[in-house]
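A.B. asks:
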Ligand SMILES: C[S@@+](CC[C@H](N)C(=O)[O-])C[C@H]1O[C@@H](n2cnc3c(N)ncnc32)[C@H](O)[C@@H]1O
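Numbering (my numbering), first residue to last: 1 to 220.
1. Could you check where the beta strand (DSSP E) with residue 135 kicks off and where it finishes?
2. In the DSSP assignment, what residue or residues form a beta bridge with residue 12?
3. How big is the Cα-Cα spacing for residue 67 and residue 148?
4. To the nearest angstrom, how far is the alpha carbon of residue 150 from that of residue 172?
5. Just to confirm my understanding: we take residue 38, look at its own chain, exclude 5 residues before and 5 after, and list those with CB closer than 8 Å. What are they?
6. Spatial neighbours of residue 6 within its chain, please: CB distance less than 8 Å, with the 5 preceding and 5 following residues excluded, ordered by chain position.
7. With a threshold of 6 Å on Cβ separation, who are the neighbours of residue 30 within its own chain once the five nearest residues in sequence on each side are excluded?
8. Any heavy atom of ligand 1 within a distance shorter than 7 Å of the CB on residue 172?
9. If you compare alpha carbons, which of 91, 49, 87, 201 is closest to residue 74?
10. What are the boundary residues of the alpha helix (DSSP H) that includes residue 143?
11. Expressed to the nearest angstrom, what Euclidean distance is found between the alpha-carbon atoms of residue 123 and residue 180?
12. Is residue 76 close to ligand 1? I mean its beta-carbon at under 7 Å from any heavy atom of the ligand.
13. Can you grab the Cα-Cα spacing for the pair residue 25 / residue 53, in whole Å?
14. Please say whether residue 33 and residue 205 have beta carbons closer to each other than 8 Å?
15. Nearest-angstrom Cα distance between residue 78 and residue 114?
16. Say yes only if the C-beta of residue 195 is nearer than 7 Å to one or more non-hydrogen atoms of ligand 1, and no if none qualify.
17. How big is the Cα-Cα spacing for residue 107 and residue 218?
18. For residue 137, which of 92, 157, 13, 20 has the nearest alpha-carbon?
19. Could you check if residue 104 belongs to the surroundings of ligand 1, using beta carbon to heavy atom distance under 7 Å?
20. Buried or exposed: residue 168, going by 16 or more other Cβ atoms within 10 Å of its Cβ?
21. For residue 206, which three-state DSSP category applies?
22. So, helix, strand or coil for residue 118, using DSSP?
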């Protein structure tokens, strides 16, 4: 991938004005672990893998005026169907996600008409100088990203497998790895917990957990 094409161009202000989009926060708790880390770092650059509608990216960007967030996502088609599923299934946690959204029908319509990437950029437009979007599959784009930026935090909120942790370590060796969904997958034996524990064993690290958020710390 050519580096000039790596980061998505920001659409014009006129175009963004036409998009009625809203951030959606998928927050199971414990993000304070990441907040504290970002607040401590001298020049925080967060690589977030899995942006969705920008809920967590907004959180990091609002923490400090000098934090830079690079958000990787496939920004694929059909996110309005994900929202629709939340409406149809109406589970308590889905209701908590959608209740704060001012107009869910408008959001679905915007996703259909403008696509995921432009909706996300509309949500994050006030951070135009500090948010860089990369559209792609993380494993395909991480090498190109590593040539352009040196993040000190990698927040995994897409695939959190052992392989993704290893890829993150390989390409971003100076970054603290953290992520979401610690308690996900009881029926599958908590695969994210297994991946993080296996990684920590292999690389002699420790980890902290707060509700669904986890963060790996190096022992040295
Ligand atoms: C749980 S959501 C992210 C939520 C977001 N961090 C928040 O807190 O609001 C997961 C996102 O990961 C993206 N995703 C899934 N697989 C991916 C991959 N291989 N590379 C990049 N993004 C991926 C999906 O498109 C989706 O938007």
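Even for Gly, the Cβ is constructed at its ideal location relative to N, Cα and C. Values in this document were obtained by computation on a predicted structure and should not be read as measured data.
C.D. replies: A quick look at the data gives this:
1. 131-135
2. Residue 12 pairs with nothing; no bridge assigned.
3. 16 Å
4. 7 Å
5. 44, 46, 60, 63, 64, 67, 153
6. 134, 141, 144, 145, 148
7. 210, 211, 212, 213
8. no
9. 49
10. 138-148
11. 21 Å
12. yes
13. 8 Å
14. no
15. 11 Å
16. no
17. 41 Å
18. 157
19. no
20. buried
21. strand
22. helix
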